[in-house]
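Count along the sequence shown starting at 1, add 9, and that's the number in our numbering.
Idealized CB from N, CA, C, for every residue including glycine.
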Amino acid sequence: MTKLICQRIMLKLSGEALMSEKGGNIDPEIVKRLATEVKELCDAGVQVGLVIGGGNILRGAEQAAEGLNRVTGDQMGMLATVINALAMQDSLEFLGQPVRVMSSLSINQVCEGYIRRRAVRHLEKGRVVIFAAGTG
Numbered sequence: 010m011t012k013l014i015c016q017r018i019m020l021k022l023s024g025e026a027l028m029s030e031k032g033g034n035i036d037p038e039i040v041k042r043l044a045t046e047v048k049e050l051c052d053a054g055v056q057v058g059l060v061i062g063g064g065n066i067l068r069g070a071e072q073a074a075e076g077l078n079r080v081t082g083d084q085m086g087m088l089a090t091v092i093n094a095l096a097m098q099d100s101l102e103f104l105g106q107p108v109r110v111m112s113s114l115s116i117n118q119v120c121e122g123y124i125r126r127r128a129v130r131h132l133e134k135g136r137v138v139i140f141a142a143g144t145g
C-alpha cells in the first residue's frame with residue numbers, strides 16, 4: 010500500500026465546476042463524477058474537507074453591481090453554497106460515503122452549525138465535511 014503524503018486535505022470547488030455545459034446550474038453527472046473522486050480519496054484513508062462555491066447559482070458581487078444591497082447579495086451567495094453542498098452530500102451518500110454539511114448560518118434542518126472541534130471529530134470518524142455558507 011502506498012504511504013499517504015497527507016492525512017487530511019481541504020478541497021475547494023468552484024461552483025462553476027458543478028455547472029452543465031448546456032447552461033444548467035448543477036449537472037448531476039458532474040457532481041457524481043466529483044463525488045466519486047472524493048470517495049476514492051476517503052477509501053485511501055484521506056480525511057476530506059470540502060468547500061464549494063456558489064457562483065454557478067448566484068454571485069453576490071454581481072447582484073450588488075446591479076443595484077441589490079451588497080450584504081443581501083452576499084447572503085444570497087452564501088445560500089447558493091448550501092444548495093451546492095446539499096447536491097454533493099446527496100451524491101456522496103448515494104456512493105455510501107458518510108458526510109456532514111456544516112454552516113455558520115443556522116439552518117439546522119439542512120446542515121449542522123459549524124463548530125471546529127465537531128468538524129475535526131467528523132473527519133476523524135471518516136466523514137467528509139462540506140463547509141457551506143462560511144464558518145463564521
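Item                                                                                  : Value
For L101, the first and last residue of its enclosing alpha helix (DSSP H)            : R79 to F103
Residue range of the unbroken beta strand (DSSP E) whose run includes V40             : Premise fails: V40 lies in the alpha helix (DSSP H), P37 to D52, not in any beta strand (DSSP E).
Cβ-heavy atom distance, F140 to the ligand FAD, below 6 Å                             : You won't find the ligand FAD in this model; it holds no ligand whatsoever.
Where V129 falls: helix, strand or coil (DSSP)                                        : helix
Beta-bridge partners of I139, as assigned by DSSP                                     : L59 and V110
Three-state secondary structure (DSSP) of G24                                         : helix
Pick from S29, A142, G76 and D99 that is closest to Y123, judged by C-alpha positions : A142
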